[in-house]
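In our numbering, the protein residues as written are 9 to 158.
For each residue, glycine too, the CB sits at the ideal point set by N, CA and C.
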Amino acid sequence: MALDWTLASLHHLAVFSLAAILAFELALTAGEVDARAVLRLSRVDASYGALAALVLTVGLARVFLGDKGPQYYGVNALFWIKMALFAAIAGISVLPTLRFILWRRSARLDAQFAASRAEIARVRVVLWVEVGLFALIPIAAAGLARGYGL
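Here you go:
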């Protein structure tokens, strides 16, 4: 039981941290994205990827080592909805990451680099889509924790 509680706690902390980083990316792209902001975005986005991996790792540990076990999760539709949402967010998040990499390369070549408003707007649309999908995960999780989806 202590392992289950520990894994659940770590999972929740990682998920909330992931949400905070996503919000920080939105904040960093709310205005002008110059060379300095691009470097910060690159570091923040790397943290986003690392935390996403941690969320997945701890989540899978909960499935296989937690009290409910894989037999509970494997047949639960809400679990698979959560996984699909997480996968969709991961896939979509590649787009801003690639843009940040291109911006960083440009910023290294030109200290006066600034991303265009159109590029920033496109990145922000993708980030907001991530936020929207991300918001559905706790809804599925709440149902999953209460035995719905079986």
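In three-state terms, what does DSSP make of residue i?
i, result
"D42", "strand"
"T14", "helix"
"G74", "coil"
"R116", "helix"
"G157", "coil"
"V139", "helix"
"M91", "helix"
"V23", "helix"
In the DSSP assignment, what residue or residues form a beta bridge with residue i?
i, result
"A122", "D42"
Considering only the alpha carbon of each residue, which of the options lies closest to residue i?
i, options, result
"V102", "L21, V137 and W88", "V137"
"F142", "S25, V52, A69 and W13", "S25"
"M91", "D75, V71, G77 and P104", "V71"
Report back the beta-carbon spacing between residue i and residue j to the nearest angstrom; my notes put them in contact at under 8 Å.
i, j, result
"A45", "L36", "6 Å"
inquiry  = Would you call the region 82 to 91 in contact with the region 117 to 130, where contact means no fewer than 3 C-beta pairs closer than 8 Å?
reply    = no
query = Are at least three pairs of beta-carbons, each pair with one atom in the region 101 to 115 and one in the region 139 to 157, less than 8 Å apart?
reply = no
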